Structures are given as C-alpha cells and as structure tokens.
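Quick note, the first sequence lines up with residues 1 to 318 if you use UniProt numbering.
Here the structure is laid out as structure tokens; the discussion comes afterwards.
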Amino acid sequence: MSTDLHHTPEHDATERPAPEPASVTASPRAAVLHDLVIDWFGAHARDLPWRRPDAGAWSVMVSEFMLQQTPVARVLPVHEQWLARWPRPADLAAESPGEAVRAWGRLGYPRRALRLHAAAGAIAQRHGGEVPHEHAELLALPGVGEYTAAAVASFAYGRRHTVLDTNVRRVFARVVTGVAHPPNATTAAERRTAASLLPADEATAARWAAATMELGALVCTARSPQCGQCPVAALCAWRLAGSPPHEGPPRRGQTYAGTDRQVRGRLLAVLRASPGPVPQAALDAVWHEPVQRARALDGLVEDGLVEPLAHGVYRLPA
DNA sequence: GAGCCGTGGAA
DNA sequence: TTTCCAAGGCT
C-alpha cells in the first residue's frame, strides 16, 4: 500500500480544542475503504494549483471560497489571477471591497467576494496576516462555515476533521447507506457516519478527506457515476443493492429565469464592467420591470455589493 | 429549517 | 429547450 503518508511534525494533538473523536471501532471494513480510496487518489488526483506542495493556506482558502457552488473549471483562471494580484491576505485586505467584487468576475454569488475580502481583513488584523490553523478560528471568519473551516484546516494544515461537502455526502450515501443521493440538508446521521470513518491518524485523515471528495467529483458523480472506475464498487452498498433510484422528496431545483437573482446579476455585471460610477439609466436598461428592478438594486445596496452615490449614481463599494 | 443568493456547461 | 447541478453560507 503506497498511501504516501507524509510524516507531519509530532505536535501534540491533545492541546487542541475539541478534537474530533476517533472512530469507536477501527473496523477492518473502514481500513479497507481507506486504503482503496487513498490509493486511488494517489493515482488519479487532479493536479490543481491549490493542491501543489508550494500552495499556501491562503491559496487553499481562496479556492474554497470560489469553489462554493462553482465548478473547478471556472474557478481555475480566476484563482490564478487572485493569487497573482493578492498573494497574501493583507494584500487583499488593503484593496477596496469593490475591487474584490470586480475581480470575482462571473463566478456567481458575489457576496462570497465580499466575505472573502472581509475574511482577509480579519486575518490581517486578528491573526497577524496568517490564515488561522484552528477550526474554531476559521469558523469565526466571514463566509467560512462548517465545511470550509474543516476543508482549510485539513487541506492547508493537514488537520484531522470531517470534511463533509456534497461530494463526500454522496459517496457516503452510496457506499455506506446504499441510497442514490444524500438528503437535501446535512443530517446528524451523516455526521456520525463521516466521524466513524475518519482515520485516527491525522495525516491519513487529511488524505482521506481529499480522496473522498475527489472520488465524488470524478467517479461517484451525481448524474452518471462511473462505477466501473470506482475503487470501492465491490464494497458499495448502493451497488450491492442494485443501484436503486432516488426515493423520497425531489432534490429541489433552483429556478432562475425571472428571479431577483437574475436581475441582481445583470445589475452587478454593469457595475463590474464600468471602471467608475454608473448612472441610473444604465442600470434601468438591464430590466424592464421597475418594481423588481428597484428591489434588486436595493438588495445589492443592502448587501454591500453596490454603493449609492448622490443623485442616482451607483458604483462598486469603495 | 426553508429560502435566498449567480452563472454556465452538460445531459 | 429544459433540467440539473457545481468543494456552501447566512438569515
């Protein structure tokens, strides 16, 4: 087994707050899963910029923000631009939030740009400019939830955390629970499953987190899983059950056309494209319905994505 | 906990 | 063409 265990320094795990409990029973089945998935990862992992040995925690953190609901392929070029322009958190913090929104481009959910900018400010102020190592400290940053805190701690610092994103949840739903898709919202049962399967060894746990995510992203996909390529197909509860289709409430789709989100997107696109303030008329042109248009603009202002100036002129926040 | 928050590519 | 969904977070 070439699990490629990087030997991390022997820093004391006991001094860290609230370490995640080791699995009660280190079952043989779990050990087999670990080896199979981690070995597969060693052979098939994508070479992503934020995974390279020289990628720092800031690179990892920026990638995690951008990857929240946005595919890797679209993140790659923007991530590269951001790291080149703002190589450290303090560099981004020194910019205006509007520049972060502008550089976010068309990744979607631009509030993430605002939150990442605010997180950079908090890191510069409270953490000496270094992305914090502790899960609790990460969680306290704007835009960092349970998943992102675990991901940064695990991927950037090799810490042991349950990293439960949509990929991992789907892998566990199939391999462990035997259903086609996880529930709409993360459940306590899923957290227990993830915790029970988390390898006790810190470095292995971090490797496992990345490996299970990658398996979900490349093989155990939502639409058409490539079970023929899966290292754990023979152990997969879903396969062994005959790959039954999804049951229960439909996985809620998100309508978009005609929503406030679409209007917000169009308004912000105008602001991003303009180097300076934009007159009301330029914004009015993007949507015919005045009530919805005004509501969308108000929402953007409310969110801090747009700054109203005097006499009907708007700009990205300074 | 349900609803909201962008965008674009693939099926 | 329509639908699905992609490394979530916040209220």
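All C-beta atoms in this analysis are idealised placements derived from N, C-alpha and C, irrespective of residue type, glycine included.
All values reported here derive from a predicted model rather than from experimental measurement.
Check, Outcome
"In the DSSP assignment, find the unbroken alpha helix (DSSP H) run with residue 112 in it and report its ends.", "111 to 126"
"Count the C-beta pairs between the region 219 to 231 and the region 155 to 164 that are closer than 8 Å, then say yes if the count reaches three, no if not.", "no"
"Could you say if the region 121 to 140 and the region 171 to 188 meet the contact criterion of at least three C-beta pairs nearer than 8 Å?", "no"
"Can you name the residues that DSSP bridges to residue 278?", "314"
"Does the region 236 to 244 come into contact with the region 189 to 197, if we say contact requires no fewer than three beta-carbon pairs (one atom in each stretch) closer than 8 Å?", "no"
"Among 105, 167, 169 and 230, whose alpha-carbon lies nearest the alpha-carbon of residue 43?", "230"
"Since residue 307 sits in a beta bridge, which residues does DSSP pair it with?", "315"
"Given 8 Å as the limit, is there contact between the region 38 to 58 and the region 71 to 84, that is, 3 or more CB pairs closer than that?", "yes"
"Note down the Cα distance separating residue 59 from residue 38, rounded to an integer number of angstroms.", "23 Å"
"Can you give me the C-alpha to C-alpha distance between residue 207 and residue 66, rounded to a whole angstrom?", "21 Å"
"With respect to the alpha helix (DSSP H) encompassing residue 82, which residues constitute its N-terminal and C-terminal limits?", "72 to 85"
"Assuming residue 287 and residue 266 make a contact with CB atoms under 8 Å, what is their CB distance in whole Å?", "6 Å"
"State buried or exposed for residue 160, treating a residue as buried only when at least 16 other CB atoms are found within 10 Å of its CB.", "buried"
"For residue 282, collect the residues of the same chain with a Cβ closer than 7 Å to its Cβ; drop the 5 residues on either side in sequence, then sort them by chain order.", "270"
"So, with DSSP's three-state summary, where would you put residue 92?", "helix"
"May I ask you to report which of helix, strand or coil DSSP gives residue 49?", "helix"
"Kindly indicate which residue of 147, 254, 56 and 201 has the alpha-carbon position closest to the one of residue 191.", "147"
"For residue 69, count neighbouring Cβ atoms within 10 angstroms of its own Cβ and tell me buried if that reaches 16, exposed if not.", "exposed"
"Look at residue 75 and residue 107 and say whether their C-beta atoms are less than 9 Å apart.", "yes"
"Which residue's Cα is closest to the Cα of residue 123: 89, 293, 264 and 227?", "89"
"Just how far apart, CA to CA, sit residue 272 and residue 104?", "9 Å"
"Check for me: the alpha helix (DSSP H) holding residue 208 runs from which residue to which?", "202 to 218"
"When we look at the beta-carbon of residue 314 and count the other beta-carbons within 10 Å, is it buried (16 or more) or exposed?", "buried"
"Nearest to residue 115 by alpha carbon, out of 280, 64 and 72?", "64"
"Quick check: what's the CA-CA separation for residue 277 versus residue 165?", "39 Å"
"Is it buried or exposed, residue 268, if we count other Cβ atoms within 10 angstroms and call 16 or more buried?", "buried"
"Do you know whose CA, among 180, 72, 62 and 28, lies nearest residue 244's CA?", "180"
"Can you have a look at residue 25 and say buried or exposed, based on whether 16 or more other CB atoms are within 10 angstroms of its CB?", "With a pLDDT of 49 at residue 25, under the threshold of 50, the modelled position of this residue cannot be trusted; read the value that follows with caution. By the neighbour-count rule (16 or more Cβ atoms within 10 Å), residue 25 is not buried but exposed."
"Does the Cβ-Cβ distance between residue 168 and residue 216 come in under 9 Å?", "yes"
"I need the straight-line Cα distance from residue 248 to residue 95, nearest angstrom please.", "47 Å"
"Return the residue from the list 291, 280 and 292 that minimises the CA-CA distance to residue 309.", "280"
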